[in-house]
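So the sequence lines, in the order shown, correspond to chains A and B. Residue 634 in the numbering used here is what sits at position 13 of the first sequence, and the numbering runs on without skipping anything. Residue 132 in the numbering used here is what sits at position 71 of the second sequence, and the numbering runs on without skipping anything. Note that the Cβ used here is the ideal one computed from N, Cα and C, for glycine as well. Below is one structure; the comments refer to it alone.
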Amino acid sequence: GAGVSQSPRYKVAKRGQDVALRCDPISGHVSLFWYQQALGQGPEFLTYFQNEAQLDKSGLPSDRFFAERPEGSVSTLKIQRTQQEDSAVYLCASTSVGEYVRTGELFFGEGSRLTVL
Amino acid sequence: AQKITQTQPGMFVQEKEAVTLDCTYDTSDPSYGLFWYKQPSSGEMIFLIYQGSYDQQNATEGRYSLNFQKARKSANLVISASQLGDSAMYFCAMRELLTGGGNKLTFGTGTQLKVEL
Chain A
622 GAGVSQSPRY KVAKRGQDVA LRCDPISGHV SLFWYQQALG QGPEFLTYFQ
672 NEAQLDKSGL PSDRFFAERP EGSVSTLKIQ RTQQEDSAVY LCASTSVGEY
722 VRTGELFFGE GSRLTVL
Chain B
62 AQKITQTQPG MFVQEKEAVT LDCTYDTSDP SYGLFWYKQP SSGEMIFLIY
112 QGSYDQQNAT EGRYSLNFQK ARKSANLVIS ASQLGDSAMY FCAMRELLTG
162 GGNKLTFGTG TQLKVEL
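Written as structure tokens, this is what we have:
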């Protein structure tokens with residue numbers, strides 16, 4: 622498809638396990654964002670990439686969270702030693718620089734729902 | 062830091078009627094952008110409309126219009142001729158500069174809209 626693709630859609634982890642969430646942005650999109658959405662809340666910014674460079678990671682809640690985009694396309698959000706408070710939907714979004722400057726529109730995936738037991 | 066406030070947790074509207082979803086914001090930046098996104102039960106965030114702080118006219122996109130009142134710091138979304146498919150969560154958001162370059166969206170807590178027959 623032509624949209625942002627995220628996998629897995631659903632992930633159940635036992636507390637203490639490591640998880641990896643994948644994001645395939647729209648082809649050619651330079652900018653990539655990760656957001657965390659807790660139940661009943663709006664999305665909260667986690668981190669931002671421009672190509673392979675991680676320009677901002679101020680929203681990552683702890684050093685257990687790590688994101689990468691080594692070739693400037695696919696991105697992975699890794700959470701180590703998961704805790705119950707990590708349970709949320711993790712949304713990935715991408716955009717081209719031109720579109721973002723013009724309208725600010727981000728193209729979101731359907732998210733990965735993480736449940737930590 | 063910027064802040065977005067949505068005071069209506071839930072709204073009901075009858076099919077074919079118009080509805081207004083409230084959003085107020087707080088920022089010290091002279092230049093900013095305001096957005097509305099729709100989130101259906103499938104989870105993806107769908108861009109609806111954008112308003113730049115220097116835009117002279119209120120933004121419109123089909124059945125969506127943004128009632129931008131700069132002095133009151135409000136950016137209400139008006140949906141005309143509501144349809145059953147409009148039932149979803151609606152988020153107001155503001156673009157905020159990142160210190161490392163680029164920018165992010167700061168979202169409100171959302172309004173759950175239910176369109177009834």
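Residue B:137 holds the alpha-carbon nearest to the alpha-carbon of residue 125 (chain B) among B:92, B:72, B:101, B:137. Chain B places a beta carbon closer than 8 Å to that of residue 662 (chain A), counting this residue as a contact. Using a CB distance below 7 Å, the part of the segment 664-681 of chain A facing chain B consists of 664, 666, 669, 671, 676, 677, ordered along the chain. Judged by beta-carbon spacing, residue 63 (chain B) lies within the 8 Å limit of residue 88 (chain B), meaning their Cβ atoms are closer than that value. Taking a cut-off of 8 Å on C-beta distances, the segment 676-689 of chain A does not touch the segment 624-636 of chain A, as fewer than three cross pairs fall below it. Counting only Cβ-Cβ distances below 7 Å, residue 708 (chain A) has no contacts in chain B at all, with the closest Cβ about 15 Å away.
The beta carbon of residue 635 (chain A) lies closer than 6 Å to those of 738 in the same chain, with the five residues before and after it left out. Contacts with chain A at 8 Å (Cβ-Cβ) include residue 166 (chain B).
Counted as a single uninterrupted DSSP element, the beta strand (DSSP E) harbouring residue 157 (chain B) occupies residues 149-158. With distances taken between CA atoms, residue 107 (chain B) lies nearest to B:147 out of B:147, B:175, B:176, B:178.
For the segment 94-109 of chain B, the set of residues with a beta-carbon nearer than 7 Å to any beta-carbon of chain A comprises 94, 96, 103, 104, 105, 106, 108, in chain order. A Cβ of chain A is located within less than 8 Å of the beta carbon of residue 163 (chain B). If you check the CB distance, residue 100 (chain B) and residue 82 (chain B) do not come in under 8 Å. Residue environment: residue 657 (chain A) is assigned as buried (16 or more neighbouring CB atoms within 10 Å of its CB, all protein chains considered).
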